[in-house]
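Heads up: the protein sequence lines correspond to chains A and B, in order.
Using the numbering used here, read the first sequence as starting at 1 and increasing by one per residue.
Using the numbering used here, read the second sequence as starting at 334 and increasing by one per residue.
Number of protein chains: 2
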Amino acid sequence: MERKVTIQDVATLAGVSKSTVSRYLNAGYISDEKASRIRSAIQTTGFRSNFFARRLKTRDSKLIGIIVPRFDSYTGGRVLSGMGKAMEKAGYQALLQVSHLSSRYELERMRRLRDQGIDGLIVISVGITEDHIKLLEDFDLPVIFVGQQHPEVCYFKVDDYAAGRVMGKTIRELGHKRVVFAGVTSSDRAVGIERRDGFEEVFSRGNRGASVTFVETGFDFQSAYNAGAEIMSYCPTAIVGATDNIGLGVLRYLHERGISVPEEVSVTGFGGYDVAALSYPPLTTIAFDYEGLGTMAVENMLKMLDGEDVVSKDDVLMQVVVRGSVRKAINRK
Amino acid sequence: MERKVTIQDVATLAGVSKSTVSRYLNAGYISDEKASRIRSAIQTTGFRSNFFARRLKTRDSKLIGIIVPRFDSYTGGRVLSGMGKAMEKAGYQALLQVSHLSSRYELERMRRLRDQGIDGLIVISVGITEDHIKLLEDFDLPVIFVGQQHPEVCYFKVDDYAAGRVMGKTIRELGHKRVVFAGVTSSDRAVGIERRDGFEEVFSRGNRGASVTFVETGFDFQSAYNAGAEIMSYCPTAIVGATDNIGLGVLRYLHERGISVPEEVSVTGFGGYDVAALSYPPLTTIAFDYEGLGTMAVENMLKMLDGEDVVSKDDVLMQVVVRGSVRKAINRK
DNA sequence: CTGTTAGCGCATTCAG
DNA sequence: CTGAATGCGCTAACAG
Numbered sequence: 001m002e003r004k005v006t007i008q009d010v011a012t013l014a015g016v017s018k019s020t021v022s023r024y025l026n027a028g029y030i031s032d033e034k035a036s037r038i039r040s041a042i043q044t045t046g047f048r049s050n051f052f053a054r055r056l057k058t059r060d061s062k063l064i065g066i067i068v069p070r071f072d073s074y075t076g077g078r079v080l081s082g083m084g085k086a087m088e089k090a091g092y093q094a095l096l097q098v099s100h101l102s103s104r105y106e107l108e109r110m111r112r113l114r115d116q117g118i119d120g121l122i123v124i125s126v127g128i129t130e131d132h133i134k135l136l137e138d139f140d141l142p143v144i145f146v147g148q149q150h151p152e153v154c155y156f157k158v159d160d161y162a163a164g165r166v167m168g169k170t171i172r173e174l175g176h177k178r179v180v181f182a183g184v185t186s187s188d189r190a191v192g193i194e195r196r197d198g199f200e201e202v203f204s205r206g207n208r209g210a211s212v213t214f215v216e217t218g219f220d221f222q223s224a225y226n227a228g229a230e231i232m233s234y235c236p237t238a239i240v241g242a243t244d245n246i247g248l249g250v251l252r253y254l255h256e257r258g259i260s261v262p263e264e265v266s267v268t269g270f271g272g273y274d275v276a277a278l279s280y281p282p283l284t285t286i287a288f289d290y291e292g293l294g295t296m297a298v299e300n301m302l303k304m305l306d307g308e309d310v311v312s313k314d315d316v317l318m319q320v321v322v323r324g325s326v327r328k329a330i331n332r333k
Numbered sequence: 334m335e336r337k338v339t340i341q342d343v344a345t346l347a348g349v350s351k352s353t354v355s356r357y358l359n360a361g362y363i364s365d366e367k368a369s370r371i372r373s374a375i376q377t378t379g380f381r382s383n384f385f386a387r388r389l390k391t392r393d394s395k396l397i398g399i400i401v402p403r404f405d406s407y408t409g410g411r412v413l414s415g416m417g418k419a420m421e422k423a424g425y426q427a428l429l430q431v432s433h434l435s436s437r438y439e440l441e442r443m444r445r446l447r448d449q450g451i452d453g454l455i456v457i458s459v460g461i462t463e464d465h466i467k468l469l470e471d472f473d474l475p476v477i478f479v480g481q482q483h484p485e486v487c488y489f490k491v492d493d494y495a496a497g498r499v500m501g502k503t504i505r506e507l508g509h510k511r512v513v514f515a516g517v518t519s520s521d522r523a524v525g526i527e528r529r530d531g532f533e534e535v536f537s538r539g540n541r542g543a544s545v546t547f548v549e550t551g552f553d554f555q556s557a558y559n560a561g562a563e564i565m566s567y568c569p570t571a572i573v574g575a576t577d578n579i580g581l582g583v584l585r586y587l588h589e590r591g592i593s594v595p596e597e598v599s600v601t602g603f604g605g606y607d608v609a610a611l612s613y614p615p616l617t618t619i620a621f622d623y624e625g626l627g628t629m630a631v632e633n634m635l636k637m638l639d640g641e642d643v644v645s646k647d648d649v650l651m652q653v654v655v656r657g658s659v660r661k662a663i664n665r666k
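Set out below in structure tokens:
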């Protein structure tokens, strides 16, 4: 347990004062001679400045708190990846917390992170509630939400409503009439409500004989798979999963039951997970630029940290990816 | 920019001294009366103790640095997930960095993290080199490596060699003779060398007429796909991918070329990615308990932090998962 | 260009 | 049980 070497040790060894060393460290005015003496003193002592002492003075930590719903999620991974790039470029680090897809945990993590000396907080949220707004009142640091929206906060997200509409248009134009929308809890506004509403809006309006039945599942592959029987009980010609995971779970169910896709029923998802290209048949989906979303969130956080104003954005790039899992409906009588 | 409220403010408002407040905060001796006065003072001021000041005194940060190869990787996500659970339980947080699958970056991140006031460091490594060992010499904090091994460090990993052997046995028993092993760079000891060596050892030894050709690809799906033509040029009856991603990439290539699996050629992977169950046909693989690995790494880090000794472990649970992508070889003349 | 002097906010002796 | 005093290691005026 060797004593930690401090800036003082370096100073005495180099025969200068603490402040001179500090200046050396922080690009201040230094004569070449002393600079080199200090350099070698640091070398021999193996000095490394104390992170906490420094931060106690300077007031900023170069730390951004990030809350993700899960670690092992495709979407989260992509968003984080985009965030990582932007943070790295700016010399920031991530302090990570997981909400386990729970609003309660999310709030708890927000509170905890706030007290950890971070400069800003980014929450990949599972839904922005009144409790969030209330909590934000005694936040003295910038907060950005990702993936969900609320008029009173700064957020960045994909346009789930538009995505739903695009999907509605796609399925409608293929002539499908009996559709099951396999979605998630409406406590998730973006995925649970917006995608569904967008879909129904375009698909149903003035579409004679069209019906869309809602079946609720969880977010994971498995729970979608489990809902397979219920879904099929409605004899749909198309099944729209609210996420690619759901679409894939359904696909698996159908495959095991020997129900052929897309001949007997079309299946789609949302998200653009690259693994969705590997299923059999490959899943038609709407691909979002999650990485871009992450980058955008961080870049705007940096702006906020810089005192600039930022405006929320909910129309991150997306793209319909039509693959083998859909075809024109055969509307039997 | 309202002044930050400090422990002093609370003290004066409550009519006690700073130290009493500090004691209140840290479970010291306090009279009930003062305790409640302090409680309400904290309430009204909205006091929150300064993270950095606290850490400057107490010397520990409850922060564990973690380096992952990528954010958007299945394996990394699972390991992180396991780590997250264990850290949470112990009240630790993760300071995250990405190595981008590069040894150079990995070293750089290790250095950076070391100077960030973390209590310990866990590196999901892409390969432990001499530079790592050298760097470790002036590390004054516990370091654990995950996924790779080296006699001079503490590490936790799955038994890649054994996994290779198991796969070798599996393929051999199915009667395959002409095999292509689609692997990765040998700079990755675990995945690039151990899995391959284990496979060859069991598959080739005394296996009359057996041959295994090595084709190098990257870690990602796409580069495996790109290697498809080269792989097939050897006319294998079985293709063993060093990871599930590689297996899936190959599968995709074959599917697009109309080469049927497993009728014409068997394909396998390593890892147990859950998406590998969704491919067509579902991929035979060896599943590792990555989440358990992550948990184990953190639990042992906590031990080290506690001054206990820990021993490296390289035999994390694994399990062969035989799915539709393999069948008995038809060894035509 | 450089040394001296003050704290940053908190935890922790040490006397009461 | 409590308050006063001290210092963690560093940066930032302030005078030279």
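Note that beta-carbon positions come from the ideal geometry of N, C-alpha and C, so glycine has one too.
Just so we're clear, the structure is a prediction, and the values are computed from it rather than from any experiment.
Along the chain, where does the beta strand (DSSP E) containing residue i start, and where does it finish?
i, result
"B/Ser-599", "599–601"
"A/Val-261", "Counting along the chain, A/Val-261 falls outside any beta strand (DSSP E), and DSSP gives it neither H nor E."
"B/Phe-514", "511–516"
"B/Ile-619", "618–621"
Does DSSP put residue i in a helix, a strand or coil?
i, result
"A/Lys-57", "helix"
"A/Val-16", "coil"
"B/Asp-607", "helix"
"B/Ser-458", "coil"
"B/Val-486", "coil"
"A/Asp-9", "helix"
"B/Gln-430", "strand"
"A/Asp-309", "coil"
"A/Gln-148", "coil"
"B/Ile-397", "strand"
"B/Met-334", "Any answer about B/Met-334 is weak, because its pLDDT of 35 lies below 50 and its placement is not dependable; what the coordinates show is given next. Of the three classes helix, strand and coil, the one that applies to B/Met-334 here is coil, per DSSP."
"A/Lys-333", "Model confidence at A/Lys-333 stands at a pLDDT of 41, short of 50, so the residue's coordinates are unreliable; what they give is reported in the following sentence. Three-state DSSP puts A/Lys-333 in coil, outside helix and strand."
"A/Ser-187", "coil"
"A/Ala-22", "Checking the sequence, you will find Ser at residue 22 of chain A rather than Ala. Of the three classes helix, strand and coil, the one that applies to A/Ser-22 here is helix, per DSSP."
"B/Ala-543", "coil"
Terminal residues of the continuous alpha helix (DSSP H) containing residue i?
i, result
"A/Gly-345", "Given a span of 1 to 333 for chain A in the structure shown, any question on residue 345 of chain A remains unanswerable."
"B/Arg-442", "436–447"
"B/Asp-493", "493–506"
"A/Ile-231", "228–232"
"B/Ala-419", "407–423"
"A/Thr-45", "32–45"
"A/Ser-204", "195–204"
"A/Ile-133", "130–137"
So, at 7 Å on beta carbons, what are the nonlocal neighbours of residue i in its own chain, with the 5 sequence-adjacent residues on each side left out?
i, result
"B/Phe-404", "Val-431"
"A/Lys-169", "Val-202"
"A/Asp-60", "Asp-119"
"A/Leu-136", "Val-143, Val-153"
"B/Lys-418", "Thr-628"
What residues in its chain sit with their C-beta under 6 Å from that of residue i, if we drop five residues either side in the sequence?
i, result
"A/Ile-38", "Ala-14, Val-21, Tyr-24"
"A/Val-10", "Val-21, Ala-41, Ile-42, Thr-45, Phe-47"
"B/Thr-546", "Val-513, Tyr-567"
"A/Ala-227", "Val-215, Thr-217"
Give me the residue from the options with the minimum Cα distance to residue i.
i, options, result
"B/Ala-495", "B/Tyr-488, B/Ile-526, B/Thr-345", "B/Ile-526"
"B/Val-524", "B/Ser-544, B/Cys-568, B/Val-479", "B/Val-479"
"B/Ser-435", "B/Thr-576, B/Gly-561, B/Ser-520", "B/Ser-520"
"B/Ile-663", "B/Ile-397, B/Val-401, B/Lys-510, B/Leu-616", "B/Lys-510"
"B/Glu-533", "B/Arg-656, B/Asp-553, B/Asp-493", "B/Asp-493"
"B/Asn-638", "B/Gly-605, B/Gly-657, B/Val-476, B/Thr-601", "In the sequence under discussion, the amino acid at residue 638 of chain B is Leu, which differs from the Asn named in the question. The residue with the shortest Cα to Cα distance from B/Leu-638 is B/Val-476."
"B/Ala-620", "B/Met-651, B/Gly-424, B/Phe-552, B/Met-634", "B/Met-651"
Give every residue of the same chain whose Cβ lies closer than 8 Å to the Cβ of residue i, excluding the five residues on either side of it in the sequence, and list them in chain order.
i, result
"B/Arg-505", "Val-535, Phe-536, Asn-540, Ala-543"
"A/Ile-133", "His-150, Glu-152, Val-153"
"A/Arg-327", "Leu-174, Pro-262, Glu-263, Ser-266"
"A/Leu-95", "Leu-63, Ile-64, Gly-65, Ile-66, Leu-113, Gln-116, Ile-118"
"B/Val-517", "Val-524, Gly-525, Glu-549, Thr-550, Gly-551, Phe-552, Ala-575, Thr-576, Ile-579"
- Are three or more beta carbon pairs between the segment 626–639 of chain B and the segment 288–303 of chain A nearer than 8 Å? no
- Query: Counting Cβ pairs closer than 8 Å, one from the segment 50–57 of chain A and one from the segment 382–393 of chain B, do we hit at least three?
  - Reply: yes
- Query: Are the segment 60–79 of chain A and the segment 124–133 of chain A in contact at 8 Å, needing three or more beta carbon pairs?
  - Reply: yes
- Message: Three Cβ pairs or more, each shorter than 8 Å: is that satisfied between the segment 433–447 of chain B and the segment 106–121 of chain A?
- Response: no
- Contact between the segment 273–284 of chain A and the segment 234–248 of chain A (3+ Cβ pairs under 8 Å): yes
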